[in-house]
Amino acid sequence: MKLPKEIKCIIFDMDGVIIDSEEIHKKAYYETFNFIGVDVSDALYKTLTGSSTINAFQKLVVHFGLSDNLEDLVLYKRSRYVNFFENDSTLHLVRGVEDLIKHAYSKGITLVLASSSAMINIERVFNRFHLNPYFTAKISGADLKESKPNPEIFNKATVLGDTKKEHCIVIEDSDNGVEAANGAGIFVVGYQNPMAEDQTLENANLVIDNFKKLQQLI
10 MKLPKEIKCI
20 IFDMDGVIID
30 SEEIHKKAYY
40 ETFNFIGVDV
50 SDALYKTLTG
60 SSTINAFQKL
70 VVHFGLSDNL
80 EDLVLYKRSR
90 YVNFFENDST
100 LHLVRGVEDL
110 IKHAYSKGIT
120 LVLASSSAMI
130 NIERVFNRFH
140 LNPYFTAKIS
150 GADLKESKPN
160 PEIFNKATVL
170 GDTKKEHCIV
180 IEDSDNGVEA
190 ANGAGIFVVG
200 YQNPMAEDQT
210 LENANLVIDN
220 FKKLQQLI
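Residue numbers (the working numbering): 10 to 227.
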């Protein structure tokens with residue numbers, strides 16, 4: 010399927026779309042799982058991808074019948090993530106995404122970040138990689154009532170981007186994110202990140218494996 014004719018706003022997911030951080034998120038989660046003594050299968054973990062941390066743990070608390078405090082679990086996982094983030098000098102932006110961001114910005118397209126990550130992690134990434142000048146708004150799913158696959162975050166993104174949905178596109182690398190964009194009625198581009206091979210992206214309107222290809226279309 011072709012992109013909308015007139016794109017005025019691009020809504021980016023962050024983890025796996027802007028930054029290759031899926032692996033350190035996974036390491037942080039599994040250190041937390043080990044800490045609380047639960048065995049999370051690959052299939053169960055797949056269902057958590059794209060959700061906010063608190064929603065992921067809400068699901069696990071119910072699944073395993075845990076008595077652990079949700080906020081404590083979130084803080085522990087976040088501390089492990091920060092440790093990996095600050096000590097991994099090889100952490101980098103997804104190949105081609107910086108050029109796409111600068112290209113879209115130069116064409117006057119509004120850019121909005123809509124991520125399930127906590128705002129403290131979003132700011133950590135944006136400050137490290139100097140992305141703030143390009144984005145009109147940043148939204149954290151952790152600050153919303155519902156998490157992806159609920160469409161709330163993308164509905165809010167179009168409002169903050171001051172753009173009608175028919176002129177927006179979403180870029181996502183997770184099935185939960187794609188479902189959220191579908192629910193919001195926004196054209197969604199699925200990015201096949203090699204680090205997220207377990208995500209099918211089958212309901213995306215367009216699937217790409219290279220941001221250069223997308224840049225040529227915008």
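Positions of the beta carbon are idealized from the N, C-alpha and C atoms, including for glycine.
For Asp22, count neighbouring Cβ atoms within 10 angstroms of its own Cβ and tell me buried if that reaches 16, exposed if not.
Buried, since its Cβ has 16 or more Cβ neighbours within 10 Å.
Cutoff 8 Å: Ile33 Cβ touching any chain D Cβ
No chain D appears in the structure shown, which is made up of a single protein chain.
Quick check on the burial criterion: 16 or more other C-beta atoms within 10 angstroms. Buried or exposed for Ala65?
Counting the other CB atoms within 10 Å of its CB gives Ala65 a total of 16 or more, which places it among the buried residues.
Does the Cβ-Cβ distance between Ser124 and Asp24 come in under 8 Å?
Going by beta carbons, Ser124 and Asp24 fall inside the 8 Å limit.
Would you list the residues sitting across from Ile45 in a DSSP beta bridge?
Note: Ile45 sits in no beta bridge, so no partner.
For the candidate residues Ser50, Glu95, Ile19, whose alpha-carbon lies nearest to that of Asn136?
If you compare the alpha carbons of Ser50, Glu95, Ile19 with that of Asn136, the shortest gap goes to Glu95.
Could you tell me whether the Cβ atoms of Met204 and Glu31 are closer together than 8 Å?
Cβ atoms of Met204 and Glu31: closer than 8 Å.
Hey, out of Ala189, His112, Thr58, whose CA is closest to Leu223's CA?
Ranking the options by Cα distance to Leu223, first place goes to His112.
Output yes or no for whether 8 Å exceeds the beta carbon distance between Ile33 and Asp97.
Between Ile33 and Asp97, the C-beta gap is smaller than 8 Å, which places the two residues in contact.
Among the candidates Ala190, Asp108, Thr209, whose CA atom is the shortest distance from the CA of Gln225?
Per the Cα distances, Asp108.
Please list, in chain order, all residues of the same chain as Val134 whose beta carbon is under 6 Å from its beta carbon, the five residues on each side excluded.
Result list for Val134: Ile28, in chain order.
Under 8 Å between C-beta atoms of Thr62 and Arg87
Yes. Within cutoff.
Every unbroken beta strand (DSSP E) within the stretch 134-193, with a cutoff of 3 residues, ordered by chain
Counting whole runs of 3 or more residues, the stretch 134-193 contains the beta strand (DSSP E) stretches 146-149, 177-181.
Going by beta-carbon coordinates alone, are Ile227 and Val198 separated by less than 8 Å?
With contacts defined by Cβ atoms closer than 8 Å, Ile227 and Val198 do not form a contacting pair.
Under the three-state DSSP convention, the category Leu223 falls into
Note: Leu223 maps to helix in three-state DSSP.
Kindly indicate the opening and closing residues of the beta strand (DSSP E) around Ala123.
It spans 119-124 - the beta strand (DSSP E) in which Ala123 sits, taken as one unbroken run.
Please state whether the Cβ-Cβ distance between Lys35 and Thr119 is less than 8 Å.
Contact flag unset, no.
Go ahead and pull the three-state DSSP assignment for Asp97.
For Asp97, the three-state secondary structure derived from DSSP is coil.
Tell me the DSSP secondary structure of Leu102 in three-state form.
The three-state reading of DSSP puts Leu102 in strand, counting E and B together.
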